[in-house]
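Protein chains in written order, with my numbering: chain Y, 1 to 292; chain A, 1 to 292; chain L, 1 to 292; chain U, 1 to 292. For every residue, glycine included, the Cβ atom is placed at its ideal position computed from N, Cα and C.
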């Protein structure tokens, strides 16, 4: 939310093609700009798909040249888009230094770098970050309100989740160190960082099994850690649900306002009439017009 | 819910055995049609069990012929049922093209195909989809309301869950691409799709361990992904619980209806006055005495 | 709860030692019977511990004779207890055929059987079921109410959880069958039951990794199953929380009844007075006595 | 919370440097003492980082002497801090025997012991427990209230979680014993404790896969255990959310206080009248006009 700057048109170019491009690229409320946004999403998804497919050896061997051309095509397309974005905005530098501007730049650089440094095109994967634009566009659709609910509940939970992660990390350090002593390098707990990785994998119930306790004492300590993790896995859920419940409660207190308005009866002064009431329910006197 | 068409009897055959069969097969509110539904569930379960058992090598070797006969028996039974369903309904084509009609057809075809194409009977597993009929029948029992609650809460959560899955997939693409670069093919992260599979397995805390990070940097990134997954695992729960809470709240808003009484205004007929109202809030006409 | 019979004293022995033993063994509300219950818990835990330790090879080799003697000691102790239980109760057969009676019998039989059939003492592990007695005793402590809350919420959720498990099992059958076709026996998906085991392990996010998909298509289907599992893992939590919320709501609806009573003011007829009100809050007229 | 003693200044030294040191070390409400707390956190984190890095073989080989010196530096620093803490407090013994005092002592001892017993410095890992001090300091920041909410909800849930863990442990013992019989040592279920470890790993959905069932019966029993675990994983979440909901409900009961105004009856002094009350509901005396 905060990452979104409120772009302004370059005043020197408030007419002509620049104005039209600005309206298409930066606004999201007209039909044409929405279509541009939708096309952009598909193009970004397609370009990411190309990077993903290019990483598969068999496909890379077969379609090497085709994929190479498509990669350059998308890169040029995004370069043109980036250039236009810079041209039509009032403060190009501010855009270039914003999160979105940096993502846009980083999405095209690797292809150019790959001319000088063979292999640099592997960095193209950062282009996937442009997918995040999808969420910027979602703001204007019917998903907006619901997306906001989810994000704002997470945002209000941030301190509680930070405390929770701190407790988890403390447990991870302590159990990691203890397991390094108990199991030792011969069972895969080579050093404390590795043991901490094992502790995170265990507490979060991922459990790869690439490192697993093999001594009886180690298994007892693991069981303890697992039970602790199992008991506190409820905490983030509880935090998040509590935040949503708080919203709910706030709506609860707000809801009566939708039903009852604040018109007082001119005759007996009774307040709290339903919004469709035309007469006071206490004395029958006509009520003033309800104002929404 | 939407998948269920409301079947109508063929008007040309509103009497005789076709009517009786229609009542048995398509209706679910008489004793005989309920018994038919129950028998159908058991037959479907039995036929699926045969397919499952037939896939076990040792059983296939021993009871090859018996299983073959049973398979044909069930296929013929379902064929007869399918034919009757087509005959007694008013619009056979509409049934044949509905979801249930297609499932019914696909449940019998593989056995016939296996005469021409040896091996096609393996496709019989799709017959398991007929189990879904169980839920259609559940609609008529005491499980109906509770099933509806669960489904409608999921249905109302669909947009939020779509957003959530989008965020998860974005993380999966980004972390998949990064881990492909960091760990590389020599540690199992052969290409980006494989790394994305690993990221899904990790974020959902499944953690097979068939692919696991082995470099220090890879393990740090994995730990980060695991902690992110651990923190947002609460989100679907929060969404779902919030939807159920919304239902709860709606019941809460309905509760005032208990306070509202059923007196109709003798003048304008408006109902739903508050219990302390003496005059109609719509036309100002005196209300009859409220009776509890 | 239902498993607990309400034991009655043998009327022919309402006096003497049998009455005393009955009070000690079957009642839980005097100090001596509570002490008996507590001692029983410790003895059961100790005897289970012996069975557990005896299963460890190194301990079995070292303390073979000691463990053997302790096992027989506990068996004889439980035999005496079982005999007394039968003697002092009015309907011994009813006790013997109740869940608890069968558990008590099965906890001592294996040791006697091991005289005839060497190896039968391994069945002694069923003795662990006597631990469940712990929960019977908990009923009488401060844990009773909270235990009831947890159990009754689970009990009221039983239908929803049955529906949920049915959906999960349907998915397990379908995905198990599909993965058997896609991956085949060469990747561990030997037959449909094995594939179903894999699907359960995957959906519940356990993920042992003893069987894991290795083809690209198999991994895509697995990812789909994992995402489905990840999305619906919230359902049991939602069901359970909703049941607890329903209790909460019930308390909510009860609460106003405590505050407002139904007395109407004899002067102005206003209702909804707080229960401690002595005068009408609208006209100041004395109110009739409040009836609880 | 209970672990925190309320430290008092040594009365014999209420002036001079001891008083100043006491204010810096033991109080947390002045700017200088807060800075001390913050520096302490960073120093503790740095010293733990050194212990973690020292456990990595490659780093230990390279920076052996540097790490050795830093370790001694931190140890001496903490020794000085420990000495000052003892000197400036009124009851040094009470501090030395408190949880924090013991943690402080144990954080410095291993380095000294390593002079006599080579290898003892490995025990330095216990120093990580000093991180817990972080939470003590958090109490004074804006995180205090939220931390309290989380802790008190967990504290009020303690009995329910104890019951839950007991049920889980009973299932673990029973399923562990059964799987030991079914799978036997040849598939890794070497004895009952190992099988119990497997059962915990399975129920908590960790699933390392170091031990996994391989017989058909064993896999069926595992599937059952997994489904049980999957069904009751909601219980801790439900417990925790219910506790948070109880807090919420308490706030709900407080809400009517918003409707009740603060007018006191001029006659009997009763407060908490409903906002539309014109007369005291206790004595019938007219109330002053309600002010919103």
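Beta carbon proximity, residue i to chain Y, threshold 8 angstroms
i: residue 207 of chain L; result: yes
i: residue 153 of chain U; result: yes
i: residue 5 of chain U; result: Note on residue 5 of chain U: pLDDT 46, under 50, position unreliable in the model; no value is reported.
i: residue 287 of chain U; result: no
i: residue 165 of chain A; result: no
i: residue 173 of chain A; result: yes
i: residue 161 of chain U; result: yes
Proximity test, Cβ basis, 8 angstroms: residue i and chain A
i: residue 237 of chain U; result: yes
i: residue 60 of chain L; result: no
i: residue 202 of chain L; result: yes
i: residue 210 of chain Y; result: yes
i: residue 197 of chain Y; result: yes
i: residue 255 of chain L; result: Residue confidence for residue 255 of chain L is low, a pLDDT of 38 falling below 50, so the modelled location carries little weight; the figure read from the coordinates is stated next. Residue 255 of chain L does not count as touching chain A.
Spatially closest choice to residue i from the options, by CA coordinates
i: residue 66 of chain A; options: A:155, A:77 and A:54; result: A:54
i: residue 17 of chain Y; options: Y:72, Y:84 and Y:152; result: Y:84
i: residue 107 of chain Y; options: Y:92, Y:235, Y:77 and Y:57; result: Y:77
i: residue 167 of chain A; options: L:102, L:49, L:56 and L:231; result: L:231
i: residue 205 of chain A; options: A:224, A:36 and A:73; result: A:224
i: residue 197 of chain A; options: L:226, L:196, L:86 and L:63; result: L:226
i: residue 70 of chain L; options: L:243, L:57 and L:50; result: L:50
i: residue 173 of chain L; options: L:157, L:150 and L:201; result: L:201
i: residue 72 of chain A; options: A:113, A:62, A:58 and A:94; result: A:113
i: residue 59 of chain U; options: Y:190, Y:241, Y:242 and Y:176; result: Y:190
i: residue 52 of chain A; options: L:98, L:194 and L:228; result: L:194
i: residue 222 of chain A; options: A:182, A:236 and A:186; result: A:182
i: residue 48 of chain Y; options: Y:35, Y:75, Y:101 and Y:64; result: Y:75
i: residue 235 of chain L; options: A:117, A:151 and A:287; result: A:151
i: residue 214 of chain L; options: L:180, L:192, L:164 and L:228; result: L:180
i: residue 161 of chain U; options: Y:242, Y:38 and Y:229; result: Y:229
i: residue 127 of chain Y; options: Y:178, Y:102 and Y:56; result: Y:102
i: residue 56 of chain Y; options: A:176, A:37 and A:93; result: A:176
Limits of the alpha helix (DSSP H) - the one that residue i falls within
i: residue 31 of chain A; result: 31 to 54
i: residue 183 of chain Y; result: 158 to 183
i: residue 201 of chain U; result: 192 to 203
i: residue 22 of chain U; result: 16 to 25
i: residue 187 of chain U; result: Element bounds for residue 187 of chain U: n/a, residue is neither H nor E.
i: residue 101 of chain Y; result: 99 to 106
Nearest-angstrom Cβ-Cβ length linking residue i and residue j, presumed shorter than 8 angstroms
i: residue 159 of chain Y; j: residue 44 of chain Y; result: About 34 angstroms; that fails the 8 angstroms criterion.
i: residue 188 of chain Y; j: residue 211 of chain Y; result: 4 angstroms
i: residue 171 of chain Y; j: residue 220 of chain Y; result: The Cβ separation is near 16 angstroms, so there is no contact.
i: residue 21 of chain A; j: residue 80 of chain A; result: Not confirmed; about 11 angstroms, so no contact.
i: residue 208 of chain Y; j: residue 209 of chain A; result: 4 angstroms
i: residue 240 of chain L; j: residue 157 of chain L; result: 6 angstroms
8 angstroms Cβ cutoff, residue i in contact with chain U
i: residue 185 of chain L; result: no
i: residue 56 of chain L; result: yes
i: residue 23 of chain Y; result: no
i: residue 48 of chain L; result: yes
i: residue 306 of chain Y; result: This structure leaves residue 306 of chain Y out entirely; chain Y is present only between 1 and 292.
i: residue 241 of chain L; result: yes
Any non-hydrogen atom of the ligand GTP closer than 7 angstroms to residue i Cβ
i: residue 214 of chain A; result: The ligand GTP is not part of the structure shown, which contains no ligands of any sort.
Residue i at chain L interface by Cβ criterion, 8 angstroms
i: residue 215 of chain U; result: no
i: residue 41 of chain A; result: no
i: residue 233 of chain U; result: yes
Point to revise | Contacting positions in the stretch 219 to 231 of chain L - beta carbon closer than 9 angstroms to chain B | key: Note that chain B does not occur in the displayed structure, where the protein chains are Y, A, L and U.
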